[in-house]
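Structure record follows, encoded as structure tokens.
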Amino acid sequence: MSFQNPVFIPGPTNIPEVIRKACDMPTVDHRSPIFGRILHPVRENVRAVLKSESASVIVFPATGTGGWECAITNTLSAGDKVLMARNGMFSHKWIDMCRRFGLEVQVVETPWGQGIPADTFGAILAEDKTHTIKAVLATHNETATGVVSDIAAIRRAMDGAHHPARLLVDGVSSIGSMDFRFDDWGVDVAVTGSQKGFMLPAGLAIVGFSEKAKAAGATAGLPRCFFDIRDMEKGYQVNGYPYTPSVGLLNGLKMSSEMLLDEGLENVFARHRRIATGVRAAVEAWGLKLCAESADVQSDTVSAVMTPLGTEVVGQAASVYDMAFGVGLGEVAGKLFRIGHLGNLTDAMMLSGLATAEMCMADLGMDITLGSGVAAAQKVYARGRTETAKKEAA
Ligand SMILES: Cc1ncc(COP(=O)(O)O)c(C=O)c1O
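Read left to right, the sequence shown gives residues 12 to 405 (my numbering).
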């Protein structure tokens with residue numbers, strides 16, 4: 012069993028060495044100014060990654076699921092109506108959580124493989140003249156299907172209907188890897204976790220709140236204690252938490268958010284787009300289809316490749332080649348395998364993943380020509396001779 016290979020699950024993602032080292036630190040007093048020198052830059056940097064001027068960034072010792080809970084309990088009351096689409100396992104699970112908290116969920120059933128239907132949302136909101144719908148909840152990137160939804164279009168639909176509902180967005184597998192515009196899209200709460208675009212181990216729920224969302228907290232009636240952002244903000248004012256923070260992970264988040272901002276967000280997004288385009292070229296060369304039904308919804312962080320041997324491909328990769336891909340979840344279990352391509356990834360790492368996927372599929376008797384997907388991706392990744400090489404050759 013080797014730990015040398017990169018993972019190609021759609022999170023947790025590969026952890027860069029510098030981030031591992033940043034997490035590994037001596038104990039510091041988490042109620043001291045020393046801790047503040049970690050906490051405050053983290054909040055500033057994450058706000059920049061969200062592309063927001065004013066969002067309040069709160070970081071919990073939890074995971075993305077805790078972030079979902081934080082988003083709803085701080086803004087809603089039992090019996091409140093919310094609007095959501097079910098188009099994959101993660102939207103399904105957030106719907107389930109809302110129901111368990113006593114919210115009334117109007118679900119727009121959407122084929123797994125399609126994005127959130129903004130037009131349908133617009134029509135529903137326009138009909139809701141008395142504004143019984145208090146929030147629209149959207150999963151930006153459905154990690155189960157490799158489908159990205161158009162949050163700007165949802166905002167336009169909400170504004171077009173002149174509806175005051177708040178917009179709560181799950182950006183767990185998009186934030187830090189694909190463009191996310193908290194301010195431009197009028198997002199009220201954004202949720203992510205540490206283990207995807209931020210390239211850290213799981214263990215932090217990272218949430219951004221707009222002023223409007225924070226104001227809703229004054230009357231929100233759902234029970235909240237651990238995830239109460241009011242306690243957290245009080246703590247932040249004196250460099251502390253209402254409980255014991257995960258200092259090492261926060262120090263890692265300081266490092267990873269600096270890395271994203273140093274690379275430049277647009278460069279990070281372009282890298283993900285290029286790597287994803289190579290993966291899509293490989294899938295086409297294999298003669299296979301993606302779960303994402305059309306090009307406009309294909310995710311730049313995860314590709315779900317349709318094959319009835321999906322689970323076997325993942326098993327073969329793990330047991331024979333020490334490489335991890337993602338299995339199908341929920342409705343698409345056994346119908347696909349997922350290639351995660353987010354976080355700390357290079358073209359060369361991706362080629363190793365595609366080469367291994369090819370070997371697994373060929374091993375299982377699928378009609379795959381070894382090298383076909385790799386060659387297709389290489390054509391996307393090859394960037395010609397560098398300027399230096401050209402000068403040397405001249
Ligand atoms: C889109 C999305 N939302 C929510 C979650 C849940 O996050 P966690 O597993 O960190 O609780 C995940 C996990 O993969 C996800 O991909």
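Heads up, the beta-carbon is just placed ideally off N, CA and C, and yes, glycines get one too.
Cβ of residue i within 7 Å of any heavy atom in ligand 1?
i      : result
ALA344 : no
Would residue i and residue j be called neighbours here (beta carbons separated by less than 8 Å)?
i      : j      : result
VAL218 : LEU148 : no
VAL325 : GLY337 : yes
ASP311 : ALA287 : yes
ASP35  : GLY259 : yes
ASN355 : SER43  : no
ALA201 : ALA168 : no
ALA296 : PRO23  : no
SER221 : VAL198 : yes
VAL391 : GLU369 : no
ALA328 : VAL18  : no
LEU299 : VAL279 : no
LEU211 : LEU271 : no
ALA387 : ILE379 : no
LEU224 : ARG177 : Here the sequence assigns Ala to residue 224, which means Leu is not the residue at that position. In contact: ALA224 and ARG177 (Cβ atoms closer than 8 Å).
Which residues in the same chain have their Cβ closer than 7 Å to the Cβ of residue i, if we skip the five residues on either side of it in sequence?
i      : result
ARG241 : GLY228
ASP194 : LYS62, SER63 and GLU64
PRO175 : HIS142
Go through its chain and collect everything with a Cβ distance to residue i's Cβ below 6 Å, but skip five positions before and after it.
i      : result
VAL313 : PRO21, THR154, GLY157, ARG349 and GLY351
ALA164 : ALA129
PRO253 : ASP242 and GLY246
GLY78  : VAL202, ALA216 and VAL218
MET360 : PRO17
Can you find the residues in the same chain that come closer than 8 Å, C-beta to C-beta, to residue i, ignoring five residues on each side of it along the sequence?
i      : result
ARG111 : none
ASN262 : ALA33, CYS34, MET36 and ILE49
VAL118 : MET95, ALA96, ARG97 and ILE106
ARG103 : Checking the sequence, you will find His at residue 103 rather than Arg. ARG97 and GLY341.
GLU244 : SER67 and ILE69
**OP:** Could you please go through the chain and list the residues whose beta-carbon is closer than 5 Å to any non-hydrogen atom of ligand 1?
**Re:** THR74, GLY75, THR76, PHE101, THR154, ASP181, VAL183, SER184 and GLY204
Subject >> Contiguous beta strand (DSSP E) assignments of at least 3 residues, all confined to the segment 334-363 >> reply: 347-351
Subject >> Residue ranges of each alpha helix (DSSP H) within the segment 124-188, 4 or longer >> reply: 129-138 and 162-171
Original post:
Of all the beta strand (DSSP E) runs that stay within the bounds of the segment 47-91, which reach a length of 3 or more residues?
Top reply: 67-72
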